[in-house]
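Student: Please find one structure pasted underneath; my questions will follow.
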Amino acid sequence: MNPVVLIIISSVVVLFGAALISLRIGKKVKTKEDWAVGGRSLPIYVIIGSQYATVMGGGMLVAHVGIAYENGWSALTYGILLAAVFLVLTIIAKWLRSEKFTTTPDIIEKVYGKNKILTIITILMTIIVPFGWICTQLVSFAKLYSSLTGFSVNVLIVVFAIISLAYVLPAGLASVAWTDFIFGCLMIVMSLISVIFVLKMGGGFDSIVNNVPKNIWKFPDSMTAAGVYTITLWALAVLPGGVTNQTSYQRIFAVDSVSKVRISLVVSAIAIFTGDIWASFMGISIRSLNPNIAPEMAAGWFLTQVPVWFMAIYSGFLVATIMSTIDSAVQSIVVNLTTDVYNKVLNKGKNDKKDDKKILRLSRKLCVVVTFSAVCLSIFYPHALNWLVSTYAYSASALLSPIFLGYFLRNKKFLTSKGAIGSMICGILACGLAQVMNSSIPYVFYGLISSLLGLIIISYFTNREINSDMEVKKVSIEE
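Numbering (the numbering used here), first residue to last: 29 to 507.
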């Protein structure tokens with residue numbers, strides 16, 4: 029049978045089966061909380077599978093394998109940083125779940141009080157990361173599938189985008205999480221099979237390591253083969269960006285029990301670290317088979333060397349990964365638009381339970397709008413998407429200090445809403461200025477430091493103003 033036909037059949041089977049499950053779950057969704065955070069009743073294994081599938085995505089399959097191809101076990105260093113994100117989140121996980129937050133702006137509002145300007149900045153800094161995810165995933169996978177099938181990149185972008193809606197529209201996070209769990213299970217199975225294939229192709233582990241430079245396979249030395257600067261850049265991008273990523277927070281909000289939330293994060297960290305062990309081994313093995321290809325093409329080249337039947341099944345694996353990332357990102361953005369923009373800014377915080385059906389309808393319409401916007405950007409500006417990588421830097425520069433310092437000082441009556449606003453603005457401006465000046469130090473570093481100092485200094489002076497005003501009022505009353 030024609031390989032293209034097999035690829036299409038495999039992809040359709042995977043996607044259609046998951047879509048049926050999504051539609052079935054959708055029948056149980058009745059409230060906006062069901063759609064936004066899965067009714068806060070998702071089983072722990074679904075949460076773990078969803079965290080794993082969302083993070084795994086195209087980055088693990090293409091970028092991480094490419095890192096290992098070029099720098100060996102350095103990909104494992106990247107995996108440690110990814111896993112560390114979830115371990116850091118265990119610090120505030122119980123508080124996040126017990127407070128019954130729905131979005132990142134909810135966290136900021138709890139610590140600093142209601143402030144429309146603060147809410148708007150937080151919304152913007154929250155949605156830029158998942159929107160960047162959607163665009164980059166659509167473009168990268170459309171290009172990969174175009175090389176496998178011969179179909180137009182633009183056609184594939186549209187097709188992938190439409191398919192992703194099938195997993196978001198029925199039940200929001202509930203359908204996204206359950207389909208992610210299924211996709212995650214598929215990823216694990218396909219990862220194991222791909223290791224068997226690459227071992228056989230390479231003549232066994234000993235043969236593989238003997239065919240690659242020693243500096244990329246010798247453990248643990250090769251964990252730093254990418255260089256101190258690159259690893260520092262990873263650390264400053266992955267950790268701050270990861271611990272302020274709303275898609276991870278939503279799964280914390282959705283777990284069915286406060287007591288299980290930390291366990292879900294620890295197991296997710298282990299699963300993600302295991303995924304990078306796989307990516308590292310695949311990259312090194314492909315390097316031993318063909319040392320003369322571009323690192324980012326390593327995974328694609330591997331597909332051309334396996335039997336047609338496996339390539340077809342693996343294609344379904346690839347589709348599963350893109351869907352797990354895109355649907356999570358779309359749902360996350362829409363929750364911000366309905367919960368924060370519509371309810372807090374436009375509707376002035378009115379929270380009527382009779383409004384649930386209206387919010388559900390609005391959520392589904394906005395899913396289409398967000399996806400259509402991402403498709404347009406992906407098609408008309410496919411070569412300008414590199415700037416989206418910086419969204420992590422700007423988002424982290426704005427949100428890291430207000431969230432984590434806010435958590436630790438939430439009962440001290442020191443931090444102020446003006447301090448939070450100033451912190452976010454300082455972080456964004458410093459990040460942008462350092463980027464424009466092409467700083468030798470990663471520009472996110474300047475954003476993080478400026479945000480931290482801005483929060484402390486501005487809160488200190490605005491707190492003094494508040495206390496001074498209170499003293500004046502107290503004297504006035506006594507007189």
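The beta carbon of each residue, even a glycine, is placed where N, CA and C say it ideally should be.
1) Pick from Met84, Gln165 and Asn364: whose alpha carbon is nearest that of Ala189?
2) When DSSP labels each residue in this structure, what does Leu443 get in the three-state scheme?
3) Cβ atoms of Met218 and Phe345: under 8 Å apart, would you say?
4) Can you check whether the CB of Ile149 is closer than 8 Å to the CB of Ile449?
5) Would you give the residue range spanned by the alpha helix (DSSP H) that Thr127 belongs to?
6) For a quick check, are the C-beta atoms of Thr132 and Thr154 less than 8 Å apart?
7) Is it buried or exposed for Cys404, if we count other Cβ within 10 angstroms and need 16 for buried?
8) What do you get for Asp249, buried or exposed, if any count of 16 or more other CB atoms within 10 angstroms of its CB means buried?
9) Can you give the Cα-Cα distance for Leu124 and Ser479, rounded to whole angstroms?
10) Any idea if Tyr97 is buried or exposed, counting beta-carbon neighbours within 10 angstroms, 16 or more meaning buried?
11) State the DSSP-derived secondary structure class of Asn30, mapped to helix, strand or coil.
12) Bridge partners of Val283, per DSSP?
13) Is DSSP giving Lys60 helix, strand or coil here?
14) Could you pull out every unbroken alpha helix (DSSP H) segment of at least 4 residues lying fully inside the stretch 155–241, listed in chain order?
15) Look at the alpha carbon of Ala426 and the alpha carbon of Ala103, and state the distance between them as a whole number of angstroms.
16) Considering Cα atoms alone, identify which of Phe281, Thr490 and Trp101 is closest to Asn243.
17) Give me, in chain order, the residues of the same chain whose beta-carbon lies closer than 6 Å to that of Trp306; leave out the 5 immediate sequence neighbours on both sides.
18) With a threshold of 6 Å on Cβ separation, who are the neighbours of Ala402 within its own chain once the five nearest residues in sequence on each side are excluded?
19) From which residue to which residue does the alpha helix (DSSP H) around Phe247 run?
20) Report the residue from Thr130, Asp304 and Val336 whose alpha carbon sits nearest the alpha carbon of Ile108.
21) Exposed or buried, which one is Val295 when buried takes at least 16 other CB atoms within 10 Å?
22) Is it buried or exposed for Val397, if we count other Cβ within 10 angstroms and need 16 for buried?
23) So Lys288 is in the alpha helix (DSSP H); what residue range does that whole segment cover?
24) Determine the direct distance from the alpha carbon of Ile312 to that of Val240, and round the result to whole angstroms.
25) With a threshold of 7 Å on Cβ separation, who are the neighbours of Thr272 within its own chain once the five nearest residues in sequence on each side are excluded?
26) Can you tell me where the alpha helix (DSSP H) with Glu137 in it begins and where it stops?
27) Hey, could you find the ends of the alpha helix (DSSP H) Asp355 is sitting in?
28) Starting from the Cα of Pro13, find the closest Cα among Ile36, Lys55, Val464 and Leu43 and give me that residue.
29) Which term fits Phe44, buried or exposed, when burial requires 16 or more other beta carbons within 10 angstroms of its beta carbon?
30) Where do the N-terminal and C-terminal ends of the alpha helix (DSSP H) with Arg438 fall, by residue?
31) What are the boundary residues of the alpha helix (DSSP H) that includes Ala254?
32) Taking its Cβ as the centre, do 16 or more other Cβ atoms sit within 10 Å of Tyr257, making it buried, or is it exposed?
Tutor: Reading it off the structure:
1) Gln165
2) coil
3) yes
4) yes
5) Reading the sequence as shown, one finds Glu at residue 127 and not Thr. Unbroken run through Glu127: none, as it is neither H nor E.
6) yes
7) exposed
8) exposed
9) 22 Å
10) buried
11) coil
12) Leu70
13) helix
14) 181–196, 201–230 and 233–238
15) 28 Å
16) Trp101
17) Ser219
18) Ile162 and Cys163
19) Segment: none, Phe247 is in no alpha helix (DSSP H) and carries neither H nor E.
20) Asp304
21) buried
22) exposed
23) First-last for Lys288: undefined, no H or E at that position.
24) 7 Å
25) Ser423, Ala424, Leu427, Leu428 and Ile431
26) Thr132 to Tyr140
27) Val336 to Val363
28) No statement about residue 13 is possible, as the shown extent of the chain runs from 29 to 507 and does not include it.
29) exposed
30) That residue, Arg438, is in no alpha helix (DSSP H); it is neither H nor E in DSSP.
31) Segment: none, Ala254 is in no alpha helix (DSSP H) and carries neither H nor E.
32) exposed
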